[in-house]
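Inspection log for the structure reproduced underneath, given as structure tokens.
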Amino acid sequence: MTQFLLPEFRSQFPILQQVINGYPLIYCDNAATTQKPIPVIQAVASQLEHCNANVHRGAHHLSANATTLYEQSRDKVAAFINAPAREQVIWTKGTTESINLLVATIGMQRISKGDEIVISVAEHHANIVPWQQLAQQCDAKLVILPVDESGRIDVEKSLPLVTEKCKFLSINHASNVLGKVNPIQSLFSKAKSVNAITVLDAAQTVAHLKIDVQSLDVDFVVFSAHKMFGPAGLGILYGRKALLDAMPPYQFGGEMIKKVSFECTQFNEIPHKFEAGTPNLTAVIAMGACIDFLSSDQYQQALQYEQDLIAYAYQKLNQVKGLRWLVTKSPDLPIFSFTLSSLHHQDLASYLDSKGIAVRSGHHCAMPLMQYLQLSGCVRVSLAPYNSYQEIDTLVQCINQFVNEDFSAAAIADAQQSEL
Ligand code: PMP
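And the structure:
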């Protein structure tokens, strides 16, 4: 392996060269979406330029080429997550749609009155609302696992909550707010012992950790391409073959059928059974380039560097006066969520934006978690291996300026008032 060279790695992301509000862009919102490297950008352009035709309708050359590339991407994703077979990789619009697909199909098949669906308190809305709606529709119960002060699901308190009534355990691998990797194995083992279906929301981990669906021994895994340097509008649903085979289709139309008459329809095999209509073929084809990027030696080096970056950022941010972490100890992923005593999270985010620094503030699509932590919201700094130590220094310097000079909306309003 060659040694990781940050400038070389960074130069693959043209968007990072931008100047925002007169300052070089410092992009620290990677848990929301990651930026795209040149090979992915080129794959998008190349598909549109050279290979644009509908897939699986192979009457002509272009369509055959598009189909080959499209299905090659499925092979690459299957290998990337160690799926036993390529058919177990289903294209969706994103993590959100993958979960909605599960709820509408196997969820509807398996949930009835009095059953329990188990999630954690630190789920993204995408892994709450669909299950909640299913529970309401079927007179079932949503059971909520607690997190401990370290920000991980509290196994000791959670295991007794996974009972014979549990039909689904659907939890995140790591929360998009807390950045800690959950102890999923013991929870999945318990779920298996009561014959519950296990679902892993790997949206936040897939770009940072090896996801091996076979060693995880999980029934379903969901994630989004856009959080792993790939295109937006594309998600993945991995599923156990026997379960996918037994599930009804999610949507109906072209592609998902074998034979149609006005009297009845014979559905296609997996994966096509779940891929009704013309897919986002640009994104799927570009996903092949994305997987190549993530599988490269350079990216493996980048992940090692990322560990150092996490330690550096944690130690630097820790020195900010009045900064309160949401959880104890350094995060496992480069996700740093905090509040600043008496200063509003949105004011800090706006101040940082004025300095060209992109962070996120608010509830991060995890309102129940904010209620649990008794917060109205927080600031989230989320990094990727293209971030540098200097960027962390600048970020911390700007947060310190904000804290020391009090640029909060209230202070600015007070100052304006006194000028009148
Ligand atoms: N789950 C988690 C843990 C997430 O972080 C996100 C995105 N923030 C989602 C689900 C939803 O992903 P998408 O919006 O790409 O469907």
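Numbering (full-length UniProt numbering), first residue to last: 1 to 420.
Backbone N, C-alpha and C fix where the C-beta goes; we use that ideal spot for every residue, glycine too.
Since the model is a prediction, treat every value here as computed from it, not as a measurement.
Straight-line Cα distance separating residue j from residue i
| i | j | result |
| --- | --- | --- |
| Ile119 | Val143 | 6 Å |
| Gln298 | Val194 | 42 Å |
| Trp325 | Pro130 | 30 Å |
| Ile81 | Val206 | 9 Å |
| Asn65 | His50 | 9 Å |
| Met1 | Gln214 | Low confidence applies here, because Met1 scores a pLDDT of 47, under 50, leaving its location unreliable; read the following figure in that light. Their backbone Cα atoms lie some 27 Å apart in a straight line. |
| Asp139 | Gln133 | 10 Å |
| Leu102 | Ser175 | 20 Å |
| Leu178 | Ile335 | 7 Å |
| His226 | Ser73 | 15 Å |
| Ile153 | Asp347 | 31 Å |
| Ile41 | Gln12 | 10 Å |
| Thr68 | His60 | 13 Å |
| Tyr312 | Pro84 | 38 Å |
| Asp115 | Leu243 | 19 Å |
| Cys28 | Val155 | 31 Å |
| Lys190 | Asn182 | 15 Å |
| Lys329 | Lys157 | 20 Å |
| Leu294 | Gln18 | 24 Å |
| Ala79 | Gln204 | 19 Å |
| Lys180 | Asp148 | 11 Å |
| Asn100 | His125 | 12 Å |
| Ala43 | Arg86 | 21 Å |
| Cys264 | Lys258 | 11 Å |
| Tyr70 | Gln371 | 43 Å |
| Leu48 | Asn280 | 12 Å |
| Lys113 | Pro368 | 24 Å |
| Asp308 | Val77 | 28 Å |
| Tyr23 | Asn400 | 17 Å |
| Gln136 | Thr163 | 19 Å |
| Asp245 | Ala104 | 15 Å |
Minimum C-alpha distance to residue i - residue among the options
| i | options | result |
| --- | --- | --- |
| Val342 | Gln266, Arg10, Asn404 and Pro334 | It is worth fixing the name first, because residue 342 is Ser in this sequence and not Val. Closest by alpha carbon: Asn404. |
| Ile26 | Val320, Lys165, Leu352 and His363 | Leu352 |
| Ala366 | Ser98, Ile117, Ile128 and Asn65 | Ile128 |
| Asp201 | Ser170, Val181 and Pro183 | Ser170 |
| Tyr238 | Gly179, Asp75 and Leu375 | Asp75 |
| Gln315 | Cys264, Leu395, Lys273 and Gly288 | Leu395 |
| Phe9 | Ser296, Val77 and Gly151 | Ser296 |
| Gln185 | Phe402, Gly233, Glu149 and Asp212 | Asp212 |
| Thr95 | Leu62, Ser46 and His173 | His173 |
| Gly277 | Asn268, Met256, Phe262 and Cys264 | Met256 |
| Asn30 | Ala43, Tyr23, Leu16 and Pro24 | Leu16 |
| Lys273 | Pro279, Glu263, Phe262 and Pro248 | Pro248 |
| Phe402 | Ser224, Gln374, Leu340 and Lys210 | Leu340 |
| Ala196 | Gln47, Asn400, Gln397 and Ile106 | Ile106 |
| Asp393 | Ser63, Leu317, Val44 and Ala246 | Leu317 |
| Leu323 | Asp308, His345 and Gln390 | His345 |
| Met228 | Lys210, Gln137 and Ala45 | Lys210 |
| Val199 | Phe262, Leu187 and Phe220 | Phe220 |
| Ser150 | Gln397, Leu373, Ser63 and Gln390 | Leu373 |
| Ile111 | Ser224, Phe168 and Ser63 | Phe168 |
Residues that DSSP places opposite residue i in a beta bridge
| i | result |
| --- | --- |
| Ser46 | Looking at the DSSP assignment, Ser46 forms no beta bridge with any residue, so it has no partner. |
| Val118 | Val143 and Leu169 |
| Glu358 | Correcting the residue type first, residue 358 is Ala in the shown sequence and not Glu. The partner list for Ala358 (beta bridge, DSSP) reads Tyr27. |
| Tyr238 | Val89 and Val221 |
| Gln266 | Lys259 |
| residue 428 | The requested residue 428 is not part of the displayed model; the chain covers only 1 to 420. |
| Phe336 | Val381 |
| Val181 | Ala174 |
| Leu343 | Leu340 |
| Ile20 | Tyr23 |
C-beta contact flag for residue i and residue j at 9 Å
| i | j | result |
| --- | --- | --- |
| Pro160 | Val121 | no |
| Gly235 | Lys93 | yes |
| Pro231 | Cys290 | yes |
| Gln109 | Ile270 | no |
| Lys321 | Asn21 | no |
| Ser98 | Val222 | yes |
| Gln266 | Val260 | yes |
| Glu275 | Ile117 | no |
| His208 | Glu306 | yes |
| Ala32 | Arg240 | no |
| Ala349 | Val327 | no |
| Ile357 | Pro331 | no |
| Leu6 | Ser388 | yes |
| His364 | Ser376 | no |
Contact the region 377-388 vs the region 300-318: 3+ CB pairs below 8 Å: yes
Mind the definition here: the region 35-44 touches the region 273-291 only if three or more C-beta pairs lie below 8 Å; say whether that holds. yes
Check whether the region 43-62 touches the region 266-285, counting contact only when three or more Cβ pairs, one atom from each stretch, lie closer than 8 Å. yes
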